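See structure below.
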Amino acid sequence: AQTVTQSQPEMSVQEAETVTLSCTYDTSESDYYLFWYKQPPSRQMILVIRQEAYKQQNATENRFSVNFQKAAKSFSLKISDSQLGDAAMYFCAYRYSGAGSYQLTFGKGTKLSVIP
Amino acid sequence: SAVISQKPSRDICQRGTSLTIQCQVDSQVTMMFWYRQQPGQSLTLIATANQGSEATYESGFVIDKFPISRPNLTFSTLTVSNLSPEDSSIYLCSVGVNSQETQYFGPGTRLLVL
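Residue numbers (our numbering), protein chains in the order written: chain A, 2 to 117; chain B, 12 to 125.
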């Protein structure tokens with residue numbers, strides 16, 4: 002069974018600084034997707050970034066980028082120029098890309114605080 | 012992406028009653044998913060709902076407790092039956108887009124059972 006581990010229950014960052022959230026996963030599959038979702042206090046789950054395992058290039062979305070290390074099964078999220086609105090729970094998630102497999106497996110989350 | 016709404020946004024229910032949660036999407040989607048997020052926890056998939064077929068439930072979740080309807084390609088309901096305080100959670104629906112590669116989530120329904 003796939004597992005996703007987020008080892009940092011809480012993190013904090015100064016506004017305008019950079020922070021990296023860690024995520025490791027365990028799978029025997031070679032083709033899969035990895036995601037970072039953000040859940041602010043409003044509880045809406047918002048997709049931050051997506052990475053396909055077959056792509057060597059790290060995904061980037063504006064201030065958000067990932068460091069995807071397939072061999073190490075590591076998928077960290079870097080937030081640059083942190084803003085107050087980035088404060089939220091961040092969940093790392095895995096999904097096998099095989100046909101008929103749609104279940105997302107989530108980590109336990111990292112609570113990010115942004116200090117003004 | 013997809014725009015997803017849920018009703019109600021929150022509710023307080025008495026033990027033994029049921030709550031039906033609605034999920035509406037602004038476009039036709041093949042698959043819809045229902046998740047539970049217990050207090051301070053991550054998300055757990057309850058079931059996958061395809062239009063025109065029975066929902067597929069994950070281990071630990073049964074149809075009698077969580078009946079699901081999927082009458083068309085833009086709408087689904089989840090009922091949480093015979094409520095107990097342990098059912099107090101956030102319930103989220105999501106839809107798969109881009110050949111189900113990515114799931115987008117609704118705003119969630121916060122349920123408190125007294």
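All C-beta atoms, glycine included, are put in the ideal place defined by N, C-alpha and C.
Here the structure is a predicted model, which means the values were calculated and not measured.
- A distance below 8 Å separates the beta carbons of Arg47(B) and Tyr102(B).
- Residue-level contact by beta carbon holds for Tyr115(B) and chain A, with a gap shorter than 8 Å.
- Around Met46(A), the beta-carbon contacts reaching into chain B at under 7 Å are Leu103 and Phe116.
- Taking C-alpha positions only, Pro50(B) is separated from Ser29(A) by approximately 31 Å.
- For Thr113(B), the uninterrupted beta strand (DSSP E) segment begins and ends at Thr113 to Phe116.
- For Phe44(B), the nearest beta carbon of chain A is closer than 8 Å to its own beta carbon.
- Spatial neighbours of Gly107(B) in its own chain (CB-CB distance under 6 Å, excluding positions within 5 residues in sequence) are listed in chain order as Met42 and Gln114.
- Shortest Cα-Cα distance from Ile57(B) to any of Leu84(B), Val73(B) and Asn93(B) involves Val73(B).
- At a cut-off of 8 Å between beta-carbon atoms, Gly119(B) makes contact with chain A.
- By the C-beta density criterion, Arg21(B) is exposed, having fewer than 16 other C-beta atoms within 10 angstroms.
- The beta carbon of Gly63(B) does not come within 8 Å of any beta carbon belonging to chain A, so the residue lies off that interface.
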